[in-house]
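Peer 1: Have a look at this one.
Number of protein chains: 2
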Amino acid sequence: MVTIKDVAKATGVAPSTVSRVIANNPRISIMTKEKVRKAMKELGYHPNVSARNLAVKSTKAIGVVLPSSADKALQNPFFPEILRGIGSVTHDMEYSMTLSSGITEEEIFAEVQRMVYGSYVDGIILLYSRLNDRVMNFLHDKNFPYVIVGKPYEDIDEVTHIDNDNFTAGKEITNHLIETGHERIAFIGGSKELFVTMDREAGYQTAVKEAGLKNCEEYKIHTEFLKSGGREAVETLLSLKVRPTGLVISDDLMSLGVLSGLEEAGISVPHDISLVSFNNVYLSEIIRPSLTTVDIHIHELGAESAKALIEKTIDKSEPAKRITVPHEIVFRNSVSKRGAL
Amino acid sequence: MVTIKDVAKATGVAPSTVSRVIANNPRISIMTKEKVRKAMKELGYHPNVSARNLAVKSTKAIGVVLPSSADKALQNPFFPEILRGIGSVTHDMEYSMTLSSGITEEEIFAEVQRMVYGSYVDGIILLYSRLNDRVMNFLHDKNFPYVIVGKPYEDIDEVTHIDNDNFTAGKEITNHLIETGHERIAFIGGSKELFVTMDREAGYQTAVKEAGLKNCEEYKIHTEFLKSGGREAVETLLSLKVRPTGLVISDDLMSLGVLSGLEEAGISVPHDISLVSFNNVYLSEIIRPSLTTVDIHIHELGAESAKALIEKTIDKSEPAKRITVPHEIVFRNSVSKRGAL
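If you read the sequences in order, they're chains R and W. For the first sequence, full-length UniProt numbering gives the first residue as 1, with consecutive numbering after it. For the second sequence, full-length UniProt numbering gives the first residue as 1, with consecutive numbering after it.
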């Protein structure tokens, strides 16, 4: 690799002079600068970016923090898809994208500290939002540029966040089951600490209440955003005395687990039980029956979050904003008129 | 954030002295060093990693280069899965992982140049291997640490690469079709420039020849490693005068496209036509019919490549090696005895 020393040799100046030319030091004459720059070009010398970053204070990199367990997260097609959205913007802006690989909350926190204190990245996108999150509080305290996909707990006007209107989406998809004649509808969601679950569940609950339907605690099941989570939920579901005829499931991958659990139990979807879901990841079109689900425009969530973050890193005074990405229901084959179990 | 100036103020020394303590400059007395280090600890000062990297010459980051079009690549579940494998190792070793986001070959090449000249990363994993690849040649010329998932064209003993035995896998899965009675077997694969396609196809061809079966050029179809690629292949397939009864498809996502294309054309798998595939991504279990496919242990390919790269970055004299990850056929429901079309 061509070094500063090689450039110095070729131009007959000291290596320190070459460094000063790179830093555009006014003490160096224009003639020397031109000579050195010509040699750099001819030799194919590229100034070291680590050194350059110290001057311009930009790493041209953004950090992307996956929810606890990157390993598990990447099993859910939501994450590759949102990374595609982020990547489409980092690509245009010539930024690189650094992924967290922490598994426990402790490890993720340590990683984010390294990113911030180490000036690895200009800013951070958090791909989750939950109650009293250490990472979020830390970034906030340090006044480090970050955006959230989801929404912050407090200071909602102080943190830029990119979200769907999950409450309305939850209400609309539940109303679709109600309109097709279902009266006993259960909700299956992820951890109660995640805002996405809370919002979708609140929408479900409002729809059920407004329609005057049965609204009991045992119809609300919480599990993991994974296929295994869906299978666990089926066990709970089958143990209920009065089973629901409709299910609102807050994640497509979870729906996949529910489907295979029900299949094993000899229960047919949509004949015996109807099912609606969220996200519209590509597997919702592939599985049989294909899923009626809320398309939350994952790619756009990613792209908008990257755009907002890069704006923020370029100008820290950029005001916080809430960006709502629209949703729409995609009707497929997992719902039938009032299936009775 | 605590700065060098804050540390200098607290200890009553010049900021330049604090910098010299961080660089462990021998001109600074042990007493001063201890005083400054104590203050750094108390104030919670973390030296800037960009600065530190200049000294220790490690970024504790590795670059991961996706094949041209990261955007398209991430649609194939192969890539999130291999990232999980890489992430499991970077996590243990406390490395971060930087993804390429280039779309054209030109852009990817520019990105890799930035990574190398800019000392963004300690080493690079290439998640593809193809003939006369500029990126590969560049890394080789620069003697920059890199490993390949797949295999290099030339200098096979000089570059560490992590691969399956795709030739044998191709032969075995084709033999499975032959053993179930198929005599007209076609191959559908990605670009002929990709080694993975070439190797799997060579295995297919050898099996077909050894069994004394029809081996014609029109039974070899090349398309994209995507669902859309599979659908395109179906058109070619349906235009053949004598249609095959068995298909060897070199990628599960492509198989998904073939399945939906055949379904639209009213051709049933496995009744009318049998199909075997490669990779065993999770969708091969989900789709109907589920796919008989070669499990290539994607997670392990990722983990082994990260381990080999990090070894190489720590010790450049580490000899190049070929790591072969084992494969096995997973039998499911996409094959039936001698389906005739």
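Glycine residues also receive a C-beta, built at the ideal position from the N, C-alpha and C atoms.
Out of 135/W, 159/W, 13/W, point me to the one whose CA is closest to residue 309/W's CA.
Peer 2: Residue 159/W is the option with its Cα nearest to residue 309/W.
Peer 1: Measure how close the beta-carbons of residue 120/R and residue 46/W come, nearest whole angstrom, since I'm counting them as under 8 angstroms.
Peer 2: Not quite, the Cβ-Cβ distance comes to about 12 angstroms (not below 8 angstroms), so this is no contact.
Peer 1: With a threshold of 9 angstroms between beta carbons, is residue 100/R in contact with chain W?
Peer 2: Chain W contact via Cβ: present.
Peer 1: Closest to residue 360/W by C-alpha separation, out of 207/W, 231/W, 295/W, 137/W, would be which residue?
Peer 2: Nothing can be reported for residue 360/W: it is not among the residues displayed for chain W, which extend from 1 to 341.
Peer 1: What does the Cβ neighbour count give for residue 64/W, buried or exposed, with the cut at 16 atoms within 10 Å?
Peer 2: Buried, because 16 or more other Cβ atoms sit within 10 Å of the Cβ of residue 64/W.
Peer 1: Which same chain residues end up closer than 8 angstroms to residue 270/W when comparing Cβ atoms and leaving out the 5 residues on each side of it in sequence?
Peer 2: Counting only Cβ-Cβ distances below 8 angstroms, and skipping sequence neighbours, we find 289, 333, 334, 335, 336, 339.
Peer 1: In chain C, which residues lie with their C-beta within 7 angstroms of the C-beta of residue 117/R?
Peer 2: Of the protein chains in the structure, R and W, none is chain C.
Peer 1: Using 8 angstroms for Cβ pairs, my map puts residue 178/R next to residue 207/R. What's the rounded Cβ distance?
Peer 2: With 8 angstroms as the limit, residue 178/R and residue 207/R qualify as a contact, their Cβ atoms being about 6 angstroms apart.
Peer 1: Among 61/R, 32/R, 127/R, which has the Cα closest to the Cα of residue 98/W?
Peer 2: Cα-wise, what sits closest to residue 98/W is 61/R.
Peer 1: Note the first and the last residue of the continuous alpha helix (DSSP H) segment covering residue 302/R.
Peer 2: From DSSP, the alpha helix (DSSP H) with residue 302/R extends over 298-314.
Peer 1: My parser needs the alpha helix (DSSP H) runs of 4 or more residues fully inside the stretch 226-299 of chain W; what are they?
Peer 2: Counting whole runs of 4 or more residues, the stretch 226-299 of chain W contains the alpha helix (DSSP H) stretches 227-238, 252-264, 283-286.
Peer 1: Could you check whether residue 201/W and residue 130/W sit closer than 9 angstroms to each other, using their CB atoms as the reference points?
Peer 2: Their beta carbons are not under 9 angstroms apart, which means residue 130/W does not touch residue 201/W by this criterion.
Peer 1: Apart from the five residues on each side of it in sequence, which residues of its chain come closer than 6 angstroms, Cβ to Cβ, to residue 174/R?
Peer 2: Closer than 6 angstroms at Cβ, skipping near neighbours: 204, 207, 248.
Peer 1: Only counting runs of 4 or more residues, tell me where the alpha helix (DSSP H) segments fall wholly within the stretch 97-166 of chain W, in order along the chain.
Peer 2: Segments of the alpha helix (DSSP H) lying fully in the stretch 97-166 of chain W: 105-117, 134-142.
Peer 1: Between which two residues does the alpha helix (DSSP H) holding residue 90/R run?
Peer 2: It spans 78-93 - the alpha helix (DSSP H) in which residue 90/R sits, taken as one unbroken run.
Peer 1: Could you give the C-beta distance for residue 276/W and residue 297/W, rounded to a whole number, given that I count them as a contact under 8 angstroms?
Peer 2: That pair is no contact at about 17 angstroms.
Peer 1: Can you tell which of 228/W, 323/W, 287/W has the C-alpha that lies nearest to the C-alpha of residue 73/W?
Peer 2: Closest by alpha carbon: 228/W.
Peer 1: Can you name the residues of chain W whose CB is closer than 8 angstroms to the CB of residue 310/R?
Peer 2: Result: empty, since nearest Cβ-Cβ is about 13 angstroms, beyond 8 angstroms.
Peer 1: Which residues, in chain order, does the stretch 283-317 of chain R contribute to contact with chain W at a C-beta distance below 8 angstroms?
Peer 2: For the stretch 283-317 of chain R, which is checked against every Cβ of chain W, the residues closer than 8 angstroms are 283, 286, 287, 288.
Peer 1: Within 9 angstroms (strictly less), CB to CB, does residue 61/W reach chain R?
Peer 2: Taking Cβ atoms only, chain R reaches closer than 9 angstroms to residue 61/W, which makes this a yes.
Peer 1: Would you say residue 111/R faces chain W, with C-beta separation under 9 angstroms as the test?
Peer 2: True, the Cβ-Cβ gap to chain W drops below 9 angstroms.
Peer 1: Just how far apart, CA to CA, sit residue 154/R and residue 137/R?
Peer 2: Cα to Cα, the separation comes out at about 10 angstroms.
Peer 1: Cβ atoms of residue 257/R and residue 185/R: under 9 angstroms apart, would you say?
Peer 2: Not a contact, by the Cβ cut-off of 9 angstroms.
Peer 1: State yes or no: is the beta carbon of residue 96/R nearer than 9 angstroms to at least one beta carbon in chain W?
Peer 2: Closer than 9 angstroms: yes.
Peer 1: Relative to the C-alpha of residue 144/W, which candidate in 250/W, 58/W, 16/W has its C-alpha closest?
Peer 2: The option with the nearest alpha carbon to residue 144/W is 58/W.
Peer 1: Would you call the CB atoms of residue 110/W and residue 278/W closer than 9 angstroms?
Peer 2: Going by C-beta atoms, residue 110/W is not nearer than 9 angstroms to residue 278/W.
Peer 1: Residue 244/W touches chain R at which residues, Cβ-Cβ below 8 angstroms?
Peer 2: By Cβ distance, chain R contributes nothing, its closest Cβ being about 24 angstroms from residue 244/W, past 8 angstroms.
Peer 1: By DSSP, does residue 325/W sit in helix, in strand, or in coil?
Peer 2: Here residue 325/W sits in strand by DSSP.
Peer 1: Any beta carbon of chain R sitting closer than 9 angstroms to that of residue 256/W?
Peer 2: Judged by the 9 angstroms Cβ criterion, residue 256/W is in contact with chain R.
Peer 1: To the nearest angstrom, how far is the alpha carbon of residue 323/R from that of residue 139/W?
Peer 2: Between residue 323/R and residue 139/W, the C-alpha separation is close to 41 angstroms.
Peer 1: If residue 301/R sits next to residue 85/R, beta carbons under 8 angstroms apart, how far is it from one beta carbon to the other, in whole angstroms?
Peer 2: Contact holds; Cβ gap of about 6 angstroms.
Peer 1: At the level of alpha carbons, what is the spacing between residue 5/R and residue 27/R?
Peer 2: Approximately 20 angstroms, taken between the alpha carbons.
Peer 1: Would you tell me roughly how many angstroms separate the C-alpha atoms of residue 83/W and residue 209/R, rounded to the nearest one?
Peer 2: Whole-angstrom Cα-Cα distance: 44 angstroms.
Peer 1: Is the CB of residue 225/R under 9 angstroms away from at least one CB in chain W?
Peer 2: It does not; no Cβ of chain W falls within 9 angstroms.
Peer 1: Grouping DSSP H, G and I as helix and E and B as strand, with all else coil, what is residue 181/R?
Peer 2: Correct three-state label for residue 181/R: coil.
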